[in-house]
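Q: Heads up: the sequence shown begins at 52 in the numbering used here, then just goes up one per residue. Ideal Cβ positions, reconstructed from N, Cα and C, are used throughout, including at glycine.
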Amino acid sequence: MKKSLVALSLAALVALSGCSAPAPAPAGNQAAPAASAPAAGQAGDVLAAVGLAGKTGKQIVDELDQAPDARPLPLRASVRYDHVLVGDGTNETKVPIEGDQFYLSIAPYASQTHECFYHSLATCMGEMQSADVHVKIVDSAGTVLVDEDATTYANGFVGFWLPKDITGQVTVTADGKAGTVPFATGPEDATCLTTLQVA
Numbered sequence: 052m053k054k055s056l057v058a059l060s061l062a063a064l065v066a067l068s069g070c071s072a073p074a075p076a077p078a079g080n081q082a083a084p085a086a087s088a089p090a091a092g093q094a095g096d097v098l099a100a101v102g103l104a105g106k107t108g109k110q111i112v113d114e115l116d117q118a119p120d121a122r123p124l125p126l127r128a129s130v131r132y133d134h135v136l137v138g139d140g141t142n143e144t145k146v147p148i149e150g151d152q153f154y155l156s157i158a159p160y161a162s163q164t165h166e167c168f169y170h171s172l173a174t175c176m177g178e179m180q181s182a183d184v185h186v187k188i189v190d191s192a193g194t195v196l197v198d199e200d201a202t203t204y205a206n207g208f209v210g211f212w213l214p215k216d217i218t219g220q221v222t223v224t225a226d227g228k229a230g231t232v233p234f235a236t237g238p239e240d241a242t243c244l245t246t247l248q249v250a
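1. Tell me, please, whether the region 138 to 152 touches the region 176 to 190 by the rule of three or more beta-carbon pairs shorter than 8 Å.
2. Any idea what DSSP makes of Leu-219, helix, strand or coil?
3. Kindly list the residues whose CB is nearer than 8 Å to the CB of Thr-164, restricted to its own chain and excluding five residues on each side of it in sequence; keep chain order.
4. Mark Val-195 as exposed unless 16 or more other C-beta atoms lie within 10 angstroms of its C-beta, in which case mark it buried.
5. In its own chain, which residues sit with a C-beta less than 8 Å from the C-beta of Thr-202, not counting the 5 before and 5 after it?
6. Between Ala-241 and Val-130, what straight-line distance do the alpha-carbon atoms span, to the nearest angstrom?
7. Return the chain-ordered ranges of every beta strand (DSSP E) run that is complete within the region 144 to 191 and spans a minimum of 3 residues.
8. For Gly-237, name the three-state secondary structure that DSSP assigns.
9. Which residue marks the beginning of the alpha helix (DSSP H) containing Leu-124, and which one marks its end?
10. For Gly-193, tell me which candidate among Pro-233, Leu-124 and Leu-115 has the shortest Cα-Cα distance.
11. Please list, in chain order, all residues of the same chain as Lys-215 whose beta carbon is under 6 Å from its beta carbon, the five residues on each side excluded.
12. How many Å lie between Leu-126 and Lys-228 at the Cα?
13. For Pro-119, I'd like the list of residues in its chain whose CB is within less than 6 Å of its CB, leaving aside the five on either flank, ordered along the chain.
14. For Ala-173, count neighbouring C-beta atoms within 10 Å of its own C-beta (all shown protein chains included) and say buried if the count is 16 or more, exposed if not.
15. For the putative contact between Ala-100 and Asp-133, defined by C-beta atoms under 8 Å, what is the C-beta separation to the nearest angstrom?
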């Protein structure tokens, strides 16, 4: 009985973390499971408990993804289409990501990767940490959205705010090797891209 409870607790934690073998993208109008709405004051309490009080969704995403601290961070935070889900281990809350931008966090790799769907700002780790890369992101109409040198964060990811509801391709070059994969920024698309191998 105890083993079953422990297994269920671990499964719930892995599902929230986002950096695991994810469930397939929801089909049709099915929405991803959402946190229950926080009681009055609870959202602020959760954010205060993890040191994020007063921050917007975009500020939380940028701050946590670029944090130099070793993973896992002492909180839960998962990026979705229009909000970031933040938890303190007991309670969780949705913080809206205002505007028409979608956050795509990319973990290029040379030899080892992991499955991921919703990017976990607290637990996801990519292979190429603090690596110099060149990133080019082009939408399906041929518009260049990003074409710049970057350094992956301490977690092995590098993130970009892109227009919502588009498709296109991401190319990453590192040490003279490159890889290209498709991406999409719709409400049922991944915020975590771990399939781009530079080879």
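A: From the atom records:
1. They do not touch, by the three-pair rule.
2. The question names Leu, but residue 219 is Gly in the sequence shown. Note: Gly-219 maps to strand in three-state DSSP.
3. The residues are Ala-158, Gly-177, Glu-178, Thr-245, Thr-246 and Gln-248.
4. Burial call: exposed.
5. Answer for Thr-202: Ser-181, Ala-182, Asp-183, Val-184 and Val-209, listed in chain order.
6. The alpha-carbon atoms of Ala-241 and Val-130 are separated by roughly 9 Å.
7. Every beta strand (DSSP E) stretch that sits fully inside the region 144 to 191 and reaches 3 residues is listed by chain position as 152 to 157 and 183 to 190.
8. The answer is coil: DSSP assigns Gly-237 none of H, G, I, E or B.
9. First-last for Leu-124: undefined, no H or E at that position.
10. For the options Pro-233, Leu-124 and Leu-115, the alpha carbon positioned closest to that of Gly-193 is the one of Pro-233.
11. When the five nearest sequence neighbours on each side are left out, the beta carbons in the same chain lying within less than 6 Å of the beta carbon of Lys-215 are those of Asp-151, Phe-153 and Thr-236, in order along the chain.
12. Using only the alpha carbons, I get a separation of about 35 Å.
13. For Pro-119, same chain residues with a beta-carbon under 6 Å away, outside a window of 5 residues either side, are Ala-205 in chain order.
14. It is buried - the Cβ of Ala-173 has at least 16 other Cβ atoms within 10 Å.
15. The pair is not a contact, with the Cβ atoms about 23 Å apart (cut-off 8 Å).
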